[in-house]
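Working notes, beginning with the structure itself.
Protein chains: 2
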Amino acid sequence: LELAQSLLAGNRRALARGITIAETGGAPAHELLAAIYASTGRAHIIGVTGAPGAGKSTLVNSLALHWRRAGKTIGIIAVDPSSPFSGGAILGDRIRMQPLGGDPGIFIRSMASRGRLGGIARATGDAIALLDAAGFEIVLIETVGAGQSEVEIAAAAQTTLVIEVPGMGDDVQSIKAGILEIADIFVVNKADRDGADGLISQLRAMLRLGGPPPNGWEPPIIPAVAMRDQGTAELASAIERHRTHLHASGQQAARDRERASREFQLIIQEAALERLHARYAGAAWEALVDQIAAREIDPYTAAAQLLEPEVSRK
Amino acid sequence: LELAQSLLAGNRRALARGITIAETGGAPAHELLAAIYASTGRAHIIGVTGAPGAGKSTLVNSLALHWRRAGKTIGIIAVDPSSPFSGGAILGDRIRMQPLGGDPGIFIRSMASRGRLGGIARATGDAIALLDAAGFEIVLIETVGAGQSEVEIAAAAQTTLVIEVPGMGDDVQSIKAGILEIADIFVVNKADRDGADGLISQLRAMLRLGGPPPNGWEPPIIPAVAMRDQGTAELASAIERHRTHLHASGQQAARDRERASREFQLIIQEAALERLHARYAGAAWEALVDQIAAREIDPYTAAAQLLEPEVSRK
Chain L
662 LELAQSLLAG
672 NRRALARGIT
682 IAETGGAPAH
692 ELLAAIYAST
702 GRAHIIGVTG
712 APGAGKSTLV
722 NSLALHWRRA
732 GKTIGIIAVD
742 PSSPFSGGAI
752 LGDRIRMQPL
762 GGDPGIFIRS
772 MASRGRLGGI
782 ARATGDAIAL
792 LDAAGFEIVL
802 IETVGAGQSE
812 VEIAAAAQTT
822 LVIEVPGMGD
832 DVQSIKAGIL
842 EIADIFVVNK
852 ADRDGADGLI
862 SQLRAMLRLG
872 GPPPNGWEPP
882 IIPAVAMRDQ
892 GTAELASAIE
902 RHRTHLHASG
912 QQAARDRERA
922 SREFQLIIQE
932 AALERLHARY
942 AGAAWEALVD
952 QIAAREIDPY
962 TAAAQLLEPE
972 VSRK
Chain H
662 LELAQSLLAG
672 NRRALARGIT
682 IAETGGAPAH
692 ELLAAIYAST
702 GRAHIIGVTG
712 APGAGKSTLV
722 NSLALHWRRA
732 GKTIGIIAVD
742 PSSPFSGGAI
752 LGDRIRMQPL
762 GGDPGIFIRS
772 MASRGRLGGI
782 ARATGDAIAL
792 LDAAGFEIVL
802 IETVGAGQSE
812 VEIAAAAQTT
822 LVIEVPGMGD
832 DVQSIKAGIL
842 EIADIFVVNK
852 ADRDGADGLI
862 SQLRAMLRLG
872 GPPPNGWEPP
882 IIPAVAMRDQ
892 GTAELASAIE
902 RHRTHLHASG
912 QQAARDRERA
922 SREFQLIIQE
932 AALERLHARY
942 AGAAWEALVD
952 QIAAREIDPY
962 TAAAQLLEPE
972 VSRK
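So the protein sequences, as listed, match chains L and H. Going by my numbering, the residue at position 10 of the first sequence is 671; the numbering climbs one at a time, nothing skipped. Going by my numbering, the residue at position 74 of the second sequence is 735; the numbering climbs one at a time, nothing skipped.
Pasting the structure below:
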């Protein structure tokens, strides 16, 4: 593929088009990813998650500038899974990121689901692979915190940053239990605010409650004021330590395999649905949905009818 | 099925076991759902979403008590998509819900994904169907806000409540764009706090910006102080008005069909993966994942290899 060649050569326009193709999905995405996949596996993939208003974009901004000064190249993907409806939810974030525009060592892209089930997770995985293949040394994925998206980010990233801020809602509730398991590094942003020390102690206590970390990595808690670029260097060095730990402990390989397994499953699910859609296009499919809605057939039996001659034929 | 019979007869233990079966998935879930599906379609399904700390549980609690006083039966499902890791993230919520325990007109269940991709959305749809079939007149689904989970809730519910509270983070950011499209009713909870009026005006302005509602329903904004049971009656009556609107406008049927279509797709995706898993169990599957992780093959080509003889055979 010509597009794959330009993308591998570092052509930005090819990369942008490639990500659009990945978002759209289907056969063109499959071909493109197949063509570049062997060139992936070099980037360090960092997930950044936290509640709205936690300062994710500002933090990503200052990290990116820090690494640019050290000569590294950075790809940034902003994921907003809530935008199948709106398509424009992260406009505010992108505007604040403008200072990074025009630098060829940085590539920024907002992604939104095209409304397919699970499509955004698959498309984000593909976009990471494309940035990686295009030679970006660091890939940052920024996502709105809470719920499935955090879990997806943790599954896609090698190092996951969880950003908390003092004074947002009831602390015990806002530090959700699941978060402890996905955070490789905690950032307490807006650490100049009241309650920062309390939040840090609370996080520390929760980590202690969890006992010794099963993988030998104790998540550090980094105070930061991203707006004033405080804590950026400490955070960057914690990320570097985590990366070293992943390699030294063999966890890098384990995480890579998990990511491969997950991406494989996402792709199979989407591909199976696409193939069935293509095969039972139009009237037959819609007639089944009508029957389900009218409760003349249940969706499990309907699914089995579609799948039976195909997937389960022995 | 005996279990289906007891469940349809309103046996609570059968219902509890049924939901566990739905969570686990696989053939037993398929059979159970097939057996009860014709008895669904009577409950009014209400989604409740909002950020951590917005007071969702308290609000659900007071709504449930309000309806109980009117003699209605209520099923409550609390979904926490972030707990595949923890399994226990919503303990705090459940403790606060205790006052409802022991009332046979109320059934409360927390659900967590068992780690399957998309599994929680499918299992939640199944649990709604089970509560509906068991005769609960109102089914409330409570979910942590932000991201994909909100969208999923909106897709599963007939009436979606979005809870906002004054003073949480930057307002413009915390009222995410996608939220406007999924909210049938806004609740401004903790309306006795500073900033409540500002939040209400902001919401009103955002709604006005969106122009006249395409479906003829202008989402009301209900101030509430759920902790002191203020606004509950107004909220309940807004929900009732929305339900009437859905029926009168024909949107109820359209939403039902959308839900059926979505559930069908979720089930197909899960079933296709399960069948392929069962077929290529163990070594062959793992060997493919190893090859993908080693980048000897890309996941798209690997998926096509698995699916080719099955799904796409003409």
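Think of the CB as a built atom: it goes at the ideal place given N, C-alpha and C, for glycine as much as any other residue.
Give the single residue among the options whose Cα lies nearest to the Cα of residue i.
{"i": "H:ILE738", "options": "H:SER922, H:HIS727, H:SER718, H:GLY732", "result": "H:SER718"}
{"i": "H:GLN966", "options": "L:GLN666, L:SER771, L:PHE925, L:ILE958", "result": "L:PHE925"}
{"i": "L:HIS614", "options": "L:GLU684, L:ASP917, L:GLU931", "result": "Since the first residue shown for chain L is 662 and the last is 975, residue 614 of chain L is missing from the structure and cannot be characterised."}
{"i": "H:ASP793", "options": "H:ALA818, H:GLY711, H:ALA915, H:ALA885", "result": "H:ALA818"}
{"i": "H:ASP764", "options": "H:ALA852, H:ASP845, H:ARG673", "result": "H:ARG673"}
{"i": "H:SER910", "options": "H:ILE682, H:GLY877, H:ILE882", "result": "H:GLY877"}
{"i": "L:THR701", "options": "L:LEU720, L:ILE799, L:LEU968, L:ASN850", "result": "L:ILE799"}
{"i": "L:LEU668", "options": "L:ALA945, L:LEU720, L:GLY796, L:GLU803", "result": "L:GLY796"}
{"i": "L:SER898", "options": "L:ILE883, L:ARG889, L:GLN912", "result": "L:ILE883"}
{"i": "L:ALA731", "options": "L:ILE767, L:VAL740, L:ALA699", "result": "L:ILE767"}
{"i": "L:ALA885", "options": "L:ILE861, L:LEU791, L:ALA914, L:ARG783", "result": "L:ILE861"}
{"i": "H:ARG889", "options": "H:GLY671, H:ALA955, H:LEU662, H:GLY716", "result": "H:GLY716"}
{"i": "H:LEU720", "options": "H:ASN850, H:THR804, H:ALA712", "result": "H:ASN850"}
{"i": "H:LEU676", "options": "H:LEU664, H:GLY686, H:GLU684, H:THR685", "result": "H:LEU664"}
{"i": "H:TYR941", "options": "L:ILE789, L:ALA688, L:ILE929", "result": "L:ILE929"}
{"i": "H:ALA914", "options": "L:VAL950, L:LEU927, L:ALA933", "result": "L:VAL950"}
{"i": "H:SER707", "options": "H:PRO689, H:ILE802, H:ILE682, H:SER771", "result": "First, the residue type needs correcting, since residue 707 of chain H is Ile and not Ser in the sequence shown. Residue H:ILE802 is the option with its Cα nearest to H:ILE707."}
{"i": "L:ILE769", "options": "L:ALA954, L:ILE680, L:ALA852", "result": "L:ILE680"}
{"i": "L:THR820", "options": "L:GLU931, L:LEU907, L:GLN863, L:GLY871", "result": "L:LEU907"}
{"i": "L:ALA688", "options": "L:GLU931, L:THR734, L:ALA954", "result": "L:GLU931"}
Give the range of the beta strand (DSSP E) segment to which residue i is assigned.
{"i": "H:ILE883", "result": "882-884"}
{"i": "H:LEU720", "result": "Where H:LEU720 is concerned, there is no enclosing beta strand (DSSP E), although the alpha helix (DSSP H) it sits in stretches over 717-730."}
{"i": "H:PHE847", "result": "846-849"}
{"i": "H:THR701", "result": "Here H:THR701 belongs to no beta strand (DSSP E), and DSSP marks it neither H nor E."}
Would DSSP call residue i helix, strand or coil?
{"i": "H:ALA670", "result": "coil"}
{"i": "L:GLY992", "result": "Outside the displayed range of chain L (662 to 975) lies residue 992 of chain L, so it cannot be described from this structure."}
{"i": "H:GLU901", "result": "helix"}
{"i": "L:GLU825", "result": "strand"}
{"i": "H:ALA818", "result": "coil"}
{"i": "H:GLU842", "result": "helix"}
{"i": "L:GLY736", "result": "strand"}
{"i": "H:ALA750", "result": "Low per-residue confidence applies at H:ALA750: pLDDT is 35, beneath 50, and the placement is therefore not dependable, though the value from the model is reported in the following sentence. DSSP places H:ALA750 in coil when its eight states are reduced to three."}
{"i": "H:GLU663", "result": "helix"}
{"i": "L:ARG854", "result": "coil"}
{"i": "L:GLY679", "result": "helix"}
{"i": "L:ALA788", "result": "helix"}
{"i": "L:GLU798", "result": "coil"}
{"i": "L:ALA782", "result": "helix"}
{"i": "L:GLU803", "result": "strand"}
{"i": "L:ILE707", "result": "strand"}
{"i": "H:GLU957", "result": "coil"}
Using the beta-carbon of each residue, which ones in chain L are nearer than 7 Å to residue i?
{"i": "H:PRO880", "result": "Those within 7 Å of H:PRO880 in chain L number zero; the least Cβ separation is about 14 Å."}
{"i": "H:ASP917", "result": "ALA954"}
{"i": "H:ASP959", "result": "LEU694, ALA695, TYR698"}
{"i": "H:GLY702", "result": "ARG956"}
Name the two residues that bound the continuous alpha helix (DSSP H) containing residue i.
{"i": "L:THR962", "result": "960-968"}
{"i": "H:GLY859", "result": "857-870"}
{"i": "L:PHE925", "result": "912-940"}
{"i": "L:GLU947", "result": "944-954"}
Interface residues of chain H around residue i at Cβ under 7 Å?
{"i": "L:THR962", "result": "ALA695"}
{"i": "L:ALA887", "result": "Simply none; closest approach about 14 Å."}
{"i": "L:SER922", "result": "VAL950"}
By the criterion of Cβ-Cβ separation under 8 Å, what are the contact partners of residue i in chain L?
{"i": "H:ALA981", "result": "Here chain H has residues from 662 to 975 only, and residue 981 of chain H is not among them."}
{"i": "H:LEU868", "result": "In chain order: nothing, as chain L lies at least about 14 Å away."}
Note down, in chain order, every chain L residue with its Cβ under 9 Å from the Cβ of residue i.
{"i": "H:HIS691", "result": "ASP959, TYR961, THR962, ALA964, ALA965"}
Kindly list, in the order they appear in chain H, the residues whose Cβ is closer than 8 Å to that of residue i.
{"i": "L:ILE929", "result": "ALA933, LEU934, LEU937, ALA964, LEU967, LEU968"}
Legend entry - Touch test, the stretch 852-867 of chain H against the stretch 908-924 of chain H, Cβ-Cβ under 8 Å, three pairs minimum: no
Legend entry - the stretch 950-968 of chain H / the stretch 687-703 of chain L touching (three or more Cβ pairs under 8 Å): yes
Inset, instruction - Specify whether the stretch 849-860 of chain H and the stretch 721-732 of chain H touch according to this definition: at least 3 beta carbon pairs, one from each stretch, less than 8 Å apart. - result: no
Inset, instruction - Indicate whether the contact test is met: 3 or more Cβ pairs, each with one atom in the stretch 892-899 of chain L and one in the stretch 889-909 of chain H, closer than 8 Å. - result: no
Inset, instruction - Say whether the stretch 898-906 of chain H touches the stretch 845-854 of chain H, bearing in mind that this needs 3 or more beta-carbon pairs closer than 8 Å, one atom from each stretch. - result: yes
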